[in-house]
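*Asks:* I have a structure I would like to understand better, so I am pasting it below and will then ask my questions one at a time.
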Amino acid sequence: MGNGNMDFGSRASGRLLARLLVGTALGAGMLTAGTAMSVAHAQSATRAQSISLPAQSLGQSLRQLAAQTGLQIAFGTADVGGAAAPAVSGNLSPEQALQRLLAGSGLNYRFTGPNTVSVQSASASAATGGLSVSANGAVVLDTIDVTTLGSGGSVNNVQINTADLAQKAPADLQEVFANEPKVAVGSSLPMSQKVYVQGIEETNLAVTVDGARQNNKVFHHNATNLIDPSLLKAVSIDAGVAPADAGPGALGGSIAYETKDARDLLEPGKSLGGLVTGTYDFNSETSTVGLAAYGMKDGLEFFGYLNFAKGDNYTAGNGSEVGGTSANLLSGIGKVAYQAENGYRFELSHEQLRDDAPRPFRANMGELDPPKYWEPKIRDYTLDRSSTVFTFTDDSPEGWWDPKVVIAYTSATVETLIYPRPVAPSTVSATYTGIGKTESLNGKAENRFALDMGSITAGFDFYKDTADLDAKEDSSTEHASNVGLYAQARLEPWERARLSFGTRGDNQWFEGTTGQEWTNAGLSGNISGEYDLVPEFLTAKAGYSHIWAGVPLAENFNFNPKWNYGDGPKPVTSDNFTAGLVATYEGFTLEGGIFRTDIYDARTAYWAPGRAIEAHDVRSQGFSLGGGYDWGAGNLSVKYVNIDVTIDGGPADSYLGNYLATPVGQIFTLAAVHRFDDWGVTVGGDVEIALDYDKLPKGSKRIEGHEVVNVFVEYQPESHPNLTFRGEVKNLFDENYASRATYGQEFNDVKPLLEPGRSFRLSATAKF
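Residue numbers (the UniProt record's numbering): 1 to 768.
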């Protein structure tokens with residue numbers, strides 16, 4: 001197979017066919033069962049899922065309902081005001097939950113699309129001159145003036161909500177982004193996993209955790225952002241085009257991680273709660289235990305969660321033990337909050353993750369072949385990431401007053417032994433400890449102004465980033481500070497149209513390892529929109545952005561105090577374009593899109609004195625296709641992406657692509673799930689097929705494709721709904737492979753880090 005062509009070849013056509021048949025049978029079987037059980041519940045808004053909303057302000061409940069279900073809810077802040085909402089929980093459809101929230105409030109709702117709903121007061125709706133009644137008897141509106149909610153601003157968005165995470169029960173970032181072929185995650189180890197969105201490495205995106213900027217370009221053999229999925233509530237990705245309020249540096253888009261809090265877990269009617277969860281993976285004999293306690297009373301909230309994983313090396317699909325893959329992860333989060341009667345909410349959180357274990361010498365790959373004689377195969381790494389965030393919001397905003405203030409301190413530290421080449425005649429390396437640390441003090445203050453046709457968010461943000469290396473004679477530091485002003489409008493200017501546009505201006509101060517300083521400034525802008533060509537059936541969408549991102553800090557472990565910066569590093573910029581069509585009909589969805597990202601003067605500094613400001617131009621372009629069916633008790637999706645990445649006009653490879661991009665090619669995913677509500681049983685599975693790829697620099701070897709099948713069954717007894725039991729088989733057919741985004745698969749002298757072979761996993765969760 002060459003250049004991404006869809007020629008399966010003779011290498012594994014039989015095995016590929018078998019997996020396709022399994023995946024197709026899995027989806028078809030569930031589709032048949034689901035169709036027989038409930039064709040009437042075809043719309044996504046009527047699909048039942050686990051929803052948990054405590055008694056609180058109606059505005060906050062509507063926001064949480066949107067986050068938990070993926071529903072886009074719009075409402076007038078004056079209409080909602082300080083209204084209270086009852087606790088709503090259980091296995092409900094989003095529409096059922098919305099009905100319960102609005103019961104007795106004097107507010108009505110109207111679905112304006114398959115996943116969008118508008119809310120308004122009955123008096124306001126009467127003034128519009130007409131009411132209608134939906135099929136279920138709910139009063140709905142013909143016309144509405146609302147304030148649109150959501151973080152939108154992009155028409156190429158990936159949303160993973162609370163229900164998705166509960167269904168996936170992910171153990172690492174690869175599993176978080178399963179069934180999202182636009183998002184590739186390299187490495188099998190959480191401490192060296194890197195996320196690529198449409199082929200672009202995450203350091204070229206605006207990445208936040210609970211609104212806190214992440215600046216973690218420490219060591220290219222380690223993860224950029226170590227994330228524990230057990231702490232997550234939701235993830236939102238703007239691929240390519242991102243709004244101005246996503247933050248500075250959104251060259252290839254943005255990733256926003258959101259962690260859990262007490263309101264997400266507390267059972268209705270209770271002021272205190274807790275949970276215990278345990279998982280055992282038989283392949284690596286890894287045990288994972290999570291403990292949480294949380295509560296709410298008189299406006300005060302607290303949430304504490306601790307998660308610990310300990311285990312041995314796993315076995316790959318070829319039957320060999322993969323050294324340096326044992327688990328030793330400790331993570332936790334603590335949150336305290338107070339919400340006043342007027343809706344003002346103050347929250348302080350601290351998140352800490354620590355991975356401390358022997359790893360492959362280069363933790364994102366297996367080993368060099370042949371290895372360097374003075375280097376061991378395994379060395380100890382300690383990776384520590386922390387994030388402290390203060391947030392102020394108004395959960396009962398009125399009119400033009402809807403503020404948000406975030407102040408955060410984040411850091412990431414990597415400590416390991418350095419093995420320099422021995423100086424002859426010695427054959428022993430004179431090792432020393434290297435410690436790389438990045439820190440960021442950052443924040444923003446913004447206000448969302450409600451308008452009749454939508455909203456405008458305006459504010460300013462800042463960051464003060466430091467990257468430091470403590471490593472013998474190479475010890476040195478770089479600094480970067482930035483202040484930005486931004487505004488983003490999200491409007492519904494006329495019926496069937498949604499428009500988002502914004503701009504930001506940034507001023508950056510950069511200081512190199514030599515103490516030299518440079519000041520740069522630039523403007524960014526974006527525009528995107530959707531138009532319903534055929535209402536409730538066919539929607540067209542498109543977007544464009546130009547981003548100015550200043551000068552990025554270099555990787556800590558490449559620092560050199562003798563760097564020659566010449567006339568100074570150039571600010572990096574980018575242009576993004578995306579367009580597509582989405583069709584929906586009675587639970588069926590079909591979509592397709594094209595995209596392109598061009599990044600100019602992307603800095604990739606290396607240790608050599610003359611390579612401090614080395615930079616490259618990157619292009620990622622391609623197209624995606626997808627389809628699915630939601631039958632209420634389950635759903636099926638099939639997705640495909642074809643991504644072509646070049647650097648300086650030539651094919652990309654994973655070495656030149658460090659902190660830039662990675663080869664991707666063609667990836668198919670298929671996922672299906674079905675709930676047997678009468679039995680409390682959910683079954684599901686997913687398939688990933690990556691085709692062989694050889695659009696690589698001359699002399700590289702072909703990146704082998706793979707076909708991986710995962711299945712699960714989950715049981716929640718009706719008599720004890722606080723208990724959940726789950727069994728999974730990962731890599732059902734024991735495929736021997738490396739993830740497509742894993743480093744070094746195209747090089748003849750690299751043995752890539754293989755994924756685990758067939759793995760049986762059992763887990764149980766108890767809530768109190």
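For each residue, glycine too, the CB sits at the ideal point set by N, CA and C.
As the structure is a computational prediction, the values presented were derived from the model and not from experiment.
Span of the alpha helix (DSSP H) holding lysine 168?
*Replies:* 162-168 is the span of the alpha helix (DSSP H), which, as asked, contains lysine 168.
*Asks:* Distance check for asparagine 658 and threonine 646, CA to CA, integer angstroms please.
*Replies:* Looking at the two C-alpha atoms, the distance is approximately 13 Å.
*Asks:* What residue range does the alpha helix (DSSP H) around alanine 652 cover?
*Replies:* Looking at the DSSP string, alanine 652 is not in any alpha helix (DSSP H), and its letter there is neither H nor E.
*Asks:* Could you pull the DSSP bridge partners for glutamine 214 from this structure?
*Replies:* BP columns for glutamine 214 are empty, so no partner.
*Asks:* When you compare each of Gly543, Asp692, Asn558, Ala766 to phenylalanine 595 by their alpha carbons, which one comes out closest?
*Replies:* With distances taken between Cα atoms, phenylalanine 595 lies closest to Gly543.
*Asks:* What is the DSSP secondary structure of aspartate 384, counted as helix, strand or coil?
*Replies:* Aspartate 384 falls in the strand class under three-state DSSP.
*Asks:* Can you tell me the Cα-Cα spacing of serine 61 and proline 717, whole angstroms?
*Replies:* Their backbone Cα atoms lie some 28 Å apart in a straight line.
*Asks:* What do you get for lysine 698, buried or exposed, if any count of 16 or more other CB atoms within 10 angstroms of its CB means buried?
*Replies:* So lysine 698 ends up on the exposed side.
*Asks:* With a cut-off of 8 Å on the beta carbons, I'd call residue 777 and asparagine 447 a contact; round off their distance for me.
*Replies:* Because the chain spans 1 through 768 in this model, residue 777 falls outside it and cannot be assessed.
*Asks:* I need the straight-line Cα distance from tyrosine 743 to valine 88, nearest angstrom please.
*Replies:* Rounded to the nearest angstrom, the two C-alpha atoms are 46 Å apart.
*Asks:* Thinking C-alpha only, which one of Gln621, Val687, Gly454 is nearest glutamate 495?
*Replies:* Nearest of Gln621, Val687, Gly454 to glutamate 495, Cα basis: Gly454.
*Asks:* Quick one: is threonine 244 buried, meaning 16 or more other Cβ sit within 10 Å of its Cβ, or exposed?
*Replies:* The question names threonine, but residue 244 in the sequence shown is alanine. Buried is the call here.
*Asks:* If contact is defined by three or more beta carbon pairs under 8 Å, each pair taking one atom from either stretch, is the segment 260-280 in contact with the segment 295-307?
*Replies:* A contact exists between the segment 295-307 and the segment 260-280.
*Asks:* Using DSSP with H/G/I as helix, E/B as strand and the rest coil, what is methionine 296?
*Replies:* Three-state result, methionine 296: strand.
*Asks:* Tell me whether tyrosine 629 is buried or exposed, calling it buried when 16 or more other Cβ atoms sit within 10 Å of its Cβ.
*Replies:* With 16 or more other Cβ atoms within 10 Å, it is buried.
*Asks:* Determine, using beta carbons only, whether alanine 615 and glycine 512 come nearer to each other than 9 Å.
*Replies:* No. Outside cutoff.
*Asks:* Go through its chain and collect everything with a Cβ distance to serine 429's Cβ below 8 Å, but skip five positions before and after it.
*Replies:* If we look at serine 429 and ignore the five residues flanking it on each side, its Cβ neighbours are Trp374, Glu375, Tyr419, Pro420, Arg421, Pro422.
*Asks:* Take the Cβ of phenylalanine 361 as the centre, count every other Cβ of all protein chains shown within 10 Å, and call the residue buried at 16 or more, exposed below.
*Replies:* By the 10 Å Cβ count, phenylalanine 361 comes out buried.
*Asks:* Would you mind sorting threonine 765 into buried or exposed? The rule is 16 or more other CB atoms within 10 Å of its CB.
*Replies:* Classification of threonine 765: buried, given that the 10 Å Cβ count is 16 or more.
*Asks:* Would you report the Cα separation of asparagine 161 and threonine 259, rounded to the nearest angstrom?
*Replies:* Computed Cα separation, rounded: 11 Å.
*Asks:* Can you find the residues in the same chain that come closer than 7 Å, C-beta to C-beta, to alanine 340, ignoring five residues on each side of it along the sequence?
*Replies:* Correct list, in chain order: Gly299.
*Asks:* Count the CB pairs spanning the segment 632-652 and the segment 667-677 that are closer than 8 Å, and state whether there are at least three.
*Replies:* Yes: the two stretches touch, three or more of their Cβ pairs being nearer than 8 Å.
*Asks:* Provide the residue span of the beta strand (DSSP E) that contains alanine 246, from first to last.
*Replies:* Where alanine 246 is concerned, there is no enclosing beta strand (DSSP E), given that its DSSP letter is neither H nor E.
*Asks:* What would DSSP say about proline 422, mapped onto helix, strand or coil?
*Replies:* Three-state DSSP puts proline 422 in coil, outside helix and strand.
*Asks:* Going by beta carbon distance, what residues of the same chain come within less than 7 Å of tryptophan 548, once the five residues before and after it are set aside?
*Replies:* Cβ within range, chain order: Asp506, Gly522, Leu523, Ser524, Pro571, Thr573.
*Asks:* At what residues does the alpha helix (DSSP H) containing proline 207 begin and finish?
*Replies:* It is worth fixing the name first, because residue 207 is valine in this sequence and not proline. First-last for valine 207: 206-209, but that is the beta strand (DSSP E), not the alpha helix (DSSP H).
*Asks:* Count the CB pairs spanning the segment 388-404 and the segment 331-346 that are closer than 8 Å, and state whether there are at least three.
*Replies:* Touching, per the Cβ criterion.
*Asks:* Check whether the Cβ of leucine 523 lies closer than 8 Å to any heavy atom of the ligand SAM, and answer yes or no.
*Replies:* You won't find the ligand SAM in this model; it holds no ligand whatsoever.
*Asks:* Give the straight-line distance between the Cα atoms of alanine 124 and valine 483, rounded to the nearest whole angstrom.
*Replies:* Low local confidence applies: a pLDDT of 41 at alanine 124 is under 50, so the model's placement there is unreliable, and no value is given.
*Asks:* Let me check understanding here. Comparing Cα to Cα, which of Ile599, Ser475, Asn526, Glu517 lies closest to serine 500?
*Replies:* Measuring from the Cα of serine 500, the nearest candidate turns out to be Asn526.
*Asks:* Between which two residues does the alpha helix (DSSP H) containing leucine 265 stretch?
*Replies:* 262-265 is the span of the alpha helix (DSSP H), which, as asked, contains leucine 265.
*Asks:* Provide the residue span of the beta strand (DSSP E) that contains alanine 487, from first to last.
*Replies:* Its beta strand (DSSP E) spans residues 476-491.
*Asks:* Taking all protein chains shown into account, do 16 or more other C-beta atoms lie within 10 angstroms of the C-beta of threonine 724, making it buried, or fewer, making it exposed?
*Replies:* It is buried - the Cβ of threonine 724 has at least 16 other Cβ atoms within 10 Å.
*Asks:* Tell me which same chain residues have a C-beta within less than 7 Å of the C-beta of alanine 250, skipping the five on either side of it?
*Replies:* Here the set comprises Leu205, Ala206, Ala242, Ile547.
*Asks:* Is it right to say glycine 252 is buried, meaning 16 or more other beta carbons lie within 10 angstroms of its own, or is it exposed?
*Replies:* With 16 or more other Cβ atoms within 10 Å, it is buried.
*Asks:* Look at aspartate 261 and lysine 335 and say whether their C-beta atoms are less than 9 Å apart.
*Replies:* Yes, Cβ-Cβ distance for aspartate 261 and lysine 335 is below 9 Å.
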